[in-house]
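See below for the structure under consideration.
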Amino acid sequence: MSDSGFRTIAVIGAGTMGSGIAAQIANAGHQVLLLDLPARAGADKSPAELAIDRLIASDPPQLMHKRNAGSIITGTIDDDFARLADCDWIIEAVVERLDIKKDLYARLHATIGPDCIVSSNTSTIPI
113 MSDSGFRTIA VIGAGTMGSG IAAQIANAGH QVLLLDLPAR AGADKSPAEL AIDRLIASDP
173 PQLMHKRNAG SIITGTIDDD FARLADCDWI IEAVVERLDI KKDLYARLHA TIGPDCIVSS
233 NTSTIPI
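The structure is reproduced here in structure tokens:
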């Protein structure tokens, strides 16, 4: 366990905010699970994998060291959602649509443990 007390951290949503949050968690020395939608039909990489590519190439850099990208484990909400059951802290950073956020929170409620902290990253939805 790290000094923060968090053993397992996840970010759901690999857009600008979600991937940036995952980068800062990795910069702080933690492993982080970054989940997003599966790859589009015909695409070689999922949105989470593409987010890692963007983080590595970003200027100014979001990762203190490119090797920190190795601390970000990518996955999809279809294949890896069950992994959230082991998380101590989950940061939700999905698209700003209330229906999507509500559906996600319902799934989380059925999956996570009672001691898991869930944070929301929203700028337009009053909570």
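Going by my numbering, the sequence shown opens with residue 113, and the numbers climb by one from there.
Glycine included, each C-beta is placed from N, C-alpha and C at the ideal position.
Straight through space, the alpha carbons of Ile-184 and Gly-141 are spaced by roughly 10 Å.
Residue range 184-188 is occupied by the beta strand (DSSP E) that includes Gly-187. Annotation for Ser-131: no beta strand (DSSP E) segment contains it, though the alpha helix (DSSP H) segment containing it runs 128-139. Residue state for Leu-146 is assigned as strand, using DSSP reduced to three classes. When beta bridges are read from the DSSP output, Val-206 appears opposite no residue. When DSSP reads this structure, Ile-121 sits in a beta bridge with Val-144, Trp-201. The alpha-carbon separation between Arg-166 and Ala-126 amounts to approximately 10 Å.
Contact between Ser-170 and Leu-146 does not hold, since the beta-carbon distance rounds to 15 Å and is not under 8 Å. Annotated three-state conformation of Ile-212 is helix, per DSSP. Taking 8 Å as the cut-off, the Cβ atoms of Val-144 and Ala-134 count as close.
Ile-164 carries a helical assignment under DSSP once its states are collapsed to helix, strand and coil. Non-local C-beta neighbours of Leu-175 in its own chain, meaning closer than 8 Å and more than five positions away in sequence, comprise Ala-135, Ala-138, Asn-139, Leu-167, Ile-168, Ala-181, ordered along the chain.
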